[in-house]
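Here's the structure, in structure tokens; my notes come after.
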Amino acid sequence: MPRSTPYERLPSTWYVRLLLALVLVLLVAPPAAAREGAGWTARPAGAGSGGRDARPYVYLEGAPETVLQDRLSVTNPARAPLTVRLRGDGRAGPWLRFAADTVTVPARTRADVPFALALPGNATPGDLAGEIVASADGGEERRVPVRVRVGGPTLAALTVEDVEMSGRTIRYALVNRGNTPLRPRLAVRADGVFGTLLDRPARPLDVELAPGRRVERTEPWPDAPALDSVTVRLRVAAEGGARDEATASAAYVPVAPVAGGVLLVLGVLAVLGTGVYRRRPRRGAREAEADDELQPAEEARPLAKAGAES
């Protein structure tokens, strides 16, 4: 039986090695391609800006009329240059100024762009937020949060206004009159002629009021009375000692019975008025007949005198 020699096994060995090399290339190529095509990034610059210690947002703190500075890091891992446009957004957006509004980052390069945030003299003390928006060609954006704390005394002031009752709904408005964000809590109480109709303890509302913000809200009252005189009282409170209350009154009257009673009264008045109107012509006719009977007697008397004298 013929045996294969080492020279006969050599081609199959080369084939195996070639296949292994192709498999390794296929396994290694996708990660490399993924790295080459990875998207660009924009984040706060500084130590560890590209690692685990990277800052999740920009934090700046200062007094009014202060200029605060920081840097934005734009990384381009692609093989072609990247051009981005920078702008501010949010409440702190108008205060942001960049060293260059348009930045071109070379391939496989990171560029640190200085920027400044100028707090105006009339800036309200407290916390506010904004964003740095980096836009590339094609509409792709990266947003970096910016949190700002303006120094100075803070004032927590909250008011509840325009309270009114409409059917089974209580309407009201909340206004933040201070300079710090507020998360209000609301308590509702309604009293009628014979006692308390509604008593809801204070509970947090799913709204955060920025300084100067006004929101209009409603409070459902599914079991509102059908007939009663009601006074509703709203109490609001928030952190920092902010609190206020307001009241409103309304008369609940069933529409259908009242409307039926009004129609009944109108019908009775109409019947009575028709009867009076019909009686008045009959009495006038009788008076006219009496006048007609008296009229001939008065005329005959002078004629009799005239005949006697002749």
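All the letters of the sequence shown, read from the start, carry residue numbers 26 to 335 under this note's numbering.
By construction, the Cβ of each residue, glycine as well, lies at the ideal position given by its N, Cα and C atoms.
All values reported here derive from a predicted model rather than from experimental measurement.
Within a 10 Å sphere around the beta-carbon of A105 sit fewer than 16 other beta-carbons, which makes this residue exposed. For A263, the uninterrupted beta strand (DSSP E) segment begins and ends at 253 to 263.
In the DSSP assignment, T134 falls within the beta strand (DSSP E) that extends over 134 to 143. Beta-bridge analysis with DSSP links P170 to E156. Take the alpha-carbon of L183 and the one of P119: they are about 27 Å apart. Under the three-state reduction of DSSP, L294 is assigned to helix.
For N204, no beta strand (DSSP E) segment is defined, and its DSSP state is neither H nor E.
The beta-carbon separation of A215 and V255, rounded to 6 Å, stays under the 8 Å limit for a contact. The C-beta of F219 has fewer than 16 other C-beta atoms within 10 Å across all chains shown, which makes the residue exposed. Per DSSP, the unbroken beta strand (DSSP E) holding G217 starts and ends at 210 to 217. Looking at the backbone, the Cα of E270 and that of D114 are separated by about 36 Å. Taken in chain order, the complete beta strand (DSSP E) segments of 3 residues or longer contained in the segment 98 to 132 are 107 to 115, 121 to 123, 127 to 130. Per DSSP, the unbroken beta strand (DSSP E) holding P229 starts and ends at 220 to 229. DSSP places L183 inside the beta strand (DSSP E), whose first and last residues are 183 to 191.
Membership of P245 in the beta strand (DSSP E) is indicated by the continuous run 239 to 245. Following the DSSP letters along the chain, one finds T149 in no beta strand (DSSP E), marked with neither H nor E. In this structure, DSSP gives P69 an extended state, which the three-state scheme calls strand. About 4 Å separates the beta carbon of T149 from that of N204, a gap short enough to meet the 8 Å contact definition. The secondary-structure analysis by DSSP pairs G87 across a beta bridge with V175. Three or more Cβ pairs closer than 8 Å define a contact, and the segment 239 to 247 falls short of that threshold against the segment 260 to 268.
Boundaries of the beta strand (DSSP E) around D269: 267 to 277. Annotated as distal: A125 and V92, with beta-carbon spacing of 7 Å or more.
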